[in-house]
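In what follows, a single structure is set out as structure tokens and then discussed.
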Ligand SMILES: Nc1ncnc2c1ncn2[C@@H]1O[C@H](COP(=O)(O)OP(=O)(O)OP(=O)(O)O)[C@@H](O)[C@H]1O
Ligand SMILES: [Mg+2]
């Protein structure tokens, strides 16, 4: 099993390395959000609640609305770190479909390689990108705070080792979850067009039903109810609780992490079932 | 010991109602090369897919390497090699990488995989192109790589689904050489499908002619030609000799006799048996013979005889069309 997993993972990584353009497309969306949306859309000054000059620092009332984050940018930048897990995994399933169309999957299915190795290799290679990109986006958002005239992510809590680990775990779980989801779609669907349509239909709703972009308090109740269970929310809350004072949250970060882990386990299960079906004898 | 490949009343009806294979039975003996010869859409690929445990039969039974295709799929997959009709190599990887990955899929240890890869690159004459991406390979190179990938784990049983599809005559002859070499070295059991009559004739010990999902005739190439009963013995009398037609017509086993351009064409069941009789009869009649030749009927005639039709192309999307379509798609993507 390990031999097969290693060989198939190497194959996936070679393909990624030979097509680096795909990595940048995954980065593009969050970077645009940070550099354009995050700079232009400034809730702090917009609401007239601005405290400091230039509106970079939010007043007490706004901080409350932002659940302890010192500025809107700080609040939403963490949301973008979570959203990378979606944008950078969008195409993992498309590769499955192309491999099915081009006969590569036939070769794999004709071999005795276990389905766990087939799924595992794509999961590892697929999740490696969003994990690295999320860390990059996090670093970039913090870095922006040090450039004069730009909004950036201001960390106001003392980040402990455990906190850093929780942030890392949240990013990893979220990446594994969405990689499994998109791989599952790749296993089910046969046409790239259908896949891209489905992925596009999913992308923005996932973002908009999470609390990545909007302060919790601005959401109507029904949306809040949905957002509570959105895996992006769960990951983002875990991170925010470790980067900002956590008093504003009803649960400790471990609760959100547990919810996220449940999502990830569920998507793993679905993906494993589907890969078995894809590799087994066709009807 | 049971035969390495056995099919009993194998049947496949696809979900759209197409009866691709309708109760096929045969067995392939150990070390034998068995050919499935049939036109597009005959059900060749469907049969290979079922026997290689990639497609569930609708009914009937298949045994490969003594194992049941319905129950022991993963064990069977370890024992067989497959060369698919369409290209299955990874265009974004080099030839060497493709072979190494495939070796690992069969659980070969890394060092063994490397050794085997080098051996096959040499053998398939791909050593020079080993580190080029496969998407830059020609059709012939791709087919050779497919064969290498199919036998990377040295399987005792090999399925070849139209292995030389799209190759030029030279490429095909080369491919046949590899297969013959493998067979003589390893006593490989081969199940081969083809729609090239000469390929079946050249490579196979026995042939089943399939049409519309059924076997219409089975036998060695010679037996099948014998069944057509159409050996032609051509006798060239010395110049000025009398016409031996009447004498020859009286011979037992002579089906028809026809003078043609100074020669006489005698149709009979077995040319080999007829030659001495004919020469002797001519001598007794005082006709000097300058030359004798025997022509076997081609499999074209065999096919015509058993199906009542010329060897033809079937309409509708078949695996061949699909393979071509996918190849085009790949080219566009590059
Ligand atoms: N997945 C499928 N669903 C429905 N019908 C199919 C499917 N695959 C093949 N068929 C049909 O089954 C029949 C047999 O197809 P098959 O591919 O086995 O033929 P073949 O002998 O391999 O032909 P070729 O020489 O073109 O490769 C054809 O009529 C084909 O259209
Ligand atoms: Mg076919």
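Chains as they are written, first to last, in the working numbering: chain A, 33 to 315; chain H, 1418 to 1751.
Don't be surprised by glycine CBs; every beta carbon is placed ideally from N, CA and C.
beta-carbon residue i near ligand 1 non-hydrogen atom, thresh 6 Å
{"i": "residue 1557/H", "result": "no"}
{"i": "residue 70/A", "result": "no"}
{"i": "residue 1459/H", "result": "yes"}
{"i": "residue 1595/H", "result": "no"}
{"i": "residue 310/A", "result": "no"}
{"i": "residue 1613/H", "result": "no"}
{"i": "residue 1431/H", "result": "yes"}
C-beta neighbour in chain H for residue i, strict 7 Å
{"i": "residue 242/A", "result": "no"}
{"i": "residue 284/A", "result": "no"}
{"i": "residue 160/A", "result": "no"}
{"i": "residue 313/A", "result": "yes"}
{"i": "residue 272/A", "result": "no"}
{"i": "residue 83/A", "result": "With a pLDDT of only 43 at residue 83/A, under the threshold of 50, the placement of this residue in the model should not be trusted, and no figure is reported."}
{"i": "residue 44/A", "result": "no"}
{"i": "residue 198/A", "result": "no"}
{"i": "residue 50/A", "result": "yes"}
{"i": "residue 222/A", "result": "no"}
{"i": "residue 39/A", "result": "yes"}
{"i": "residue 35/A", "result": "yes"}
{"i": "residue 306/A", "result": "no"}
{"i": "residue 278/A", "result": "no"}
{"i": "residue 54/A", "result": "no"}
{"i": "residue 309/A", "result": "no"}
{"i": "residue 47/A", "result": "yes"}
heavy atom of ligand 2 below 6 Å from residue i C-beta
{"i": "residue 1462/H", "result": "yes"}
{"i": "residue 1502/H", "result": "yes"}
Neighbour flag for residue i against chain A, beta carbons, 7 Å
{"i": "residue 1729/H", "result": "Only weak support exists for where residue 1729/H lies, its pLDDT of 48 falling under 50; the value from the coordinates is given anyway. No - not a single Cβ of chain A is within 7 Å of the one on residue 1729/H."}
{"i": "residue 1495/H", "result": "yes"}
{"i": "residue 1751/H", "result": "Bear in mind that a pLDDT of 46 at residue 1751/H, under 50, signals an unreliable position, so the number given afterwards is only what the model happens to contain. For residue 1751/H, the answer is no, since every Cβ of chain A falls outside 7 Å of its Cβ."}
{"i": "residue 1553/H", "result": "no"}
{"i": "residue 1503/H", "result": "yes"}
{"i": "residue 1571/H", "result": "no"}
{"i": "residue 1734/H", "result": "Confidence at residue 1734/H is low in this model, with a pLDDT of 45, below 50, so the placement of that residue is unreliable and no value is reported for it."}
{"i": "residue 1491/H", "result": "yes"}
{"i": "residue 1485/H", "result": "no"}
{"i": "residue 1548/H", "result": "no"}
{"i": "residue 1568/H", "result": "no"}
{"i": "residue 1626/H", "result": "no"}
{"i": "residue 1632/H", "result": "no"}
{"i": "residue 1499/H", "result": "yes"}
Residue range of the alpha helix (DSSP H) that includes residue i
{"i": "residue 1522/H", "result": "1512-1522"}
{"i": "residue 1693/H", "result": "1688-1701"}
{"i": "residue 302/A", "result": "285-311"}
{"i": "residue 58/A", "result": "53-64"}
{"i": "residue 1454/H", "result": "That residue, residue 1454/H, is in no alpha helix (DSSP H); its beta strand (DSSP E) goes 1450-1454."}
{"i": "residue 274/A", "result": "263-275"}
{"i": "residue 224/A", "result": "224-240"}
Enclosing beta strand (DSSP E) for residue i [first to last residue]
{"i": "residue 1563/H", "result": "That residue, residue 1563/H, is in no beta strand (DSSP E); its alpha helix (DSSP H) goes 1556-1567."}
{"i": "residue 1423/H", "result": "1422-1430"}
{"i": "residue 1552/H", "result": "No beta strand (DSSP E) holds residue 1552/H; DSSP gives it neither H nor E."}
{"i": "residue 1478/H", "result": "1476-1481"}
Beta-ladder partner(s) of residue i, from DSSP
{"i": "residue 1578/H", "result": "1610/H"}
{"i": "residue 1636/H", "result": "1624/H"}
{"i": "residue 1497/H", "result": "1574/H"}
{"i": "residue 1600/H", "result": "In DSSP, residue 1600/H forms no bridge with anything."}
{"i": "residue 1648/H", "result": "1685/H"}
{"i": "residue 1711/H", "result": "1650/H"}
{"i": "residue 132/A", "result": "None, per the DSSP bridge assignment."}
{"i": "residue 1675/H", "result": "1682/H"}
{"i": "residue 1585/H", "result": "The partner list for residue 1585/H (beta bridge, DSSP) is empty, contrary to what the question assumes."}
{"i": "residue 1439/H", "result": "1428/H"}
{"i": "residue 113/A", "result": "Residue 113/A pairs with nothing; no bridge assigned."}
Proximity test, residue i beta-carbon vs ligand 3 heavy atom, cut-off 6 Å
{"i": "residue 1435/H", "result": "Judged by which ligands are present, ligand 3 is missing from the structure shown, whose ligands are ligand 1 and ligand 2."}
The stretch 131-148 of chain A: positions lying closer than 9 Å to chain H by Cβ:
131, 133, 134, 135, 136, 137, 138, 139, 140, 141, 142, 143, 144, 145, 146
If you measure beta-carbon to beta-carbon, which residues of the stretch 1518-1536 of chain H are closer than 9 Å to chain A?
1518, 1519, 1520, 1521, 1522, 1523, 1524, 1525, 1526, 1527, 1530
Taking only beta carbons into account, state which residues of the stretch 1463-1476 of chain H come closer than 8 Å to chain A, listed in chain order.
1466, 1469, 1470, 1471, 1472, 1473
Within 9 Å of chain H by C-beta, residues of the stretch 96-128 of chain A in sequence order
none
For the stretch 152-176 of chain A, list every residue whose C-beta sits within 7 Å of some C-beta in chain H, in sequence order.
Taking 7 Å as the cut-off between beta carbons, none of the residues of the stretch 152-176 of chain A comes near chain H.
For the stretch 1420-1442 of chain H, which residues have a CB atom closer than 9 Å to at least one CB atom of chain A, in sequence order?
1431, 1432
Chain-ordered residues of the stretch 1570-1598 of chain H with a beta carbon less than 8 Å from chain A
Here the close residues number zero.
Anything in the stretch 1602-1614 of chain H with a Cβ closer than 8 Å to a Cβ of chain A? List those residues in chain order, please.
Look at the stretch 1602-1614 of chain H: it has no residue with a C-beta under 8 Å from a C-beta of chain A.
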